[in-house]
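If you count the sequence shown from 1, position 52 lands on 53 in the working numbering, and the numbers rise without skipping.
What follows is a set of notes on a single structure, which appears directly below.
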Amino acid sequence: MRNFFNAFAKDESGATAIEYGLIAALLSVAIIGTIGTVRDNLETTYSTIGTELATANG
């Protein structure tokens, strides 16, 4: 029984999977934050273009 617990304590395969999961989560948060910023910039740009077009036609 003691050998089983020692082998379990030394097994690092689960830790590697957890590390990959944490890296994936961090990348997801970074991507979501970037997408939000890009979306805001695009909304501003399209709003400005729409205003300029409306002014030019008026």
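We treat Cβ as the ideally placed atom computed from N, Cα and C, and that holds for glycine.
Computed from a prediction, not measured in an experiment: that's the story for all the values here.
Whole-angstrom distance between Leu-28 and Lys-11, CA atom to CA atom: Working through the sequence shown from its first residue, we reach residue 11 at position 10. Working through the sequence shown from its first residue, we reach residue 28 at position 27. Their Cα atoms are separated by approximately 29 Å.
When DSSP labels each residue in this structure, what does Glu-13 get in the three-state scheme? Position 12 of the sequence shown, counted from the start, is the residue given in the question as residue 13. Looking at Glu-13 - three-state DSSP - the assignment turns out to be coil, as it is neither helix nor strand.
Between Ser-48 and Glu-20, what straight-line distance do the alpha-carbon atoms span, to the nearest angstrom? To locate residue 48, count along the sequence shown from 1; it is residue 47. To locate residue 20, count along the sequence shown from 1; it is residue 19. Spanning the two alpha carbons is a distance of roughly 42 Å.
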